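In what follows, a single structure is set out as structure tokens and then discussed.
Residue numbers (our numbering): 413 to 712.
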């Protein structure tokens, strides 16, 4: 990772000419090109931070001088205003910094005294991802650090199970990922399973929700794994489920006639009950009429 970069002042470049007068022009050209390429380079490996973490963007001055009284600039060229932290005359200029970083950046006074201008960034957000530049514009050799920050977010998947006609349906869902992850299904022996396309939804917070489903048949172990991974941030989360054997069992063919007979018996019983109630009501009505007639005859 390139943190220190010494630019050759013009005066020193002129002093170099007599010493290199005997060097072929081609070699001199490539030497100067390599020097400037090294100075312009960025960190070879990006810094990966998980959402919510506190991280440090490293930057060390070439000489361990006291930088507590120097101007220290940390910026992101893609933002406006571009400063994420600005310190001059031992004071942070809060009004000059981007509001997205309010109260989340700091420099260590003890480290500044040793020439360490590393920036602490608290409670990392997805929007913090980008290129950062730490700069100390001294009159001698300026310090210029370029660091790429990658932000990630992960969560554990959840598996739901349901019975379908041709087997068992497994549905895996995982929320709160960044960047967008991939989803894989594996059986108990670690073999990849053929699943349908992954459904991906990106929320207003820029986090991804992924969902994948696969239909499985009875196997030796009946264990299945849903793996969600993001190679860019080197993060993987898994969920394992064991499907009981009875879930795979189909209804026995011998049970079908029994079910039909039971249904028929239930229909007969219901019909008999209806007929009995009607006859009972009819009998009660007839008894009432006979009682009324008998009372009338007695009265006369």
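From the three backbone atoms N, C-alpha and C, an ideal C-beta is built for every residue, glycine too.
As the structure is a prediction and not an experimental result, all values here were calculated from the model.
In the DSSP assignment, find the unbroken beta strand (DSSP E) run with residue 599 in it and report its ends.
Residue range 594–599 is occupied by the beta strand (DSSP E) that includes residue 599.
Should residue 636 be labelled buried (16 or more other beta-carbon atoms within 10 Å of its own) or exposed?
Burial call: buried.
Is it buried or exposed for residue 659, if we count other Cβ within 10 angstroms and need 16 for buried?
Residue 659 comes out exposed.
Do you know offhand how far residue 598's Cα is from residue 675's?
Going by C-alpha positions, residue 598 is about 43 angstroms away from residue 675.
Rounded to a whole number of angstroms, what is the C-alpha to C-alpha distance between residue 503 and residue 646?
Approximately 38 angstroms between the Cα atoms of the pair.
Top-ranked residue by Cα proximity to residue 478, from 511, 611, 621, 548
Sorting 511, 611, 621, 548 by C-alpha distance to the C-alpha of residue 478 places 548 at the top.
Residue 521 (DSSP reduced to helix, strand or coil)
In this structure, residue 521 counts as helix in the three-state DSSP scheme.
Residue 651 versus residue 505: straight-line alpha-carbon distance, rounded:
So the two alpha carbons sit approximately 48 angstroms from each other.
Between the C-alpha atoms of residue 661 and residue 681, what's the straight-line distance to the nearest angstrom?
Each residue's Cα considered, the two are about 32 angstroms apart.
What does the alpha-carbon distance come out to for the pair residue 566 and residue 589?
Roughly 5 angstroms between the two C-alpha positions.
Among 466, 621, 486, 533, the one whose alpha carbon lies nearest that of residue 568:
If we check each option's Cα against that of residue 568, 621 comes out closest.
Check this for me: beta carbons of residue 544 and residue 529, under 8 angstroms apart or not?
With contacts defined as CB atoms closer than 8 angstroms, residue 544 and residue 529 fail to qualify as a contacting pair.
Pull up the distance between the alpha-carbon of residue 693 and that of residue 670, whole angstroms please.
Residue 670 has its alpha-carbon roughly 35 angstroms from the corresponding atom of residue 693.
Using a Cβ-Cβ cutoff of less than 7 angstroms, which residues in the same chain neighbour residue 435 once the five nearest sequence positions on both sides are dropped?
For residue 435, the pLDDT reaches just 37, beneath the cut-off of 50, and the residue's location in the model is therefore unreliable, although a value from the coordinates is still provided. Cβ within range, chain order: n/a, list empty.
Nearest to residue 536 (by Cα), restricted to the options 563, 553, 546
Checking every option, the nearest Cα to that of residue 536 belongs to 563.
Where the beta strand (DSSP E) containing residue 556 begins and where it ends
Membership of residue 556 in the beta strand (DSSP E) is indicated by the continuous run 555–564.
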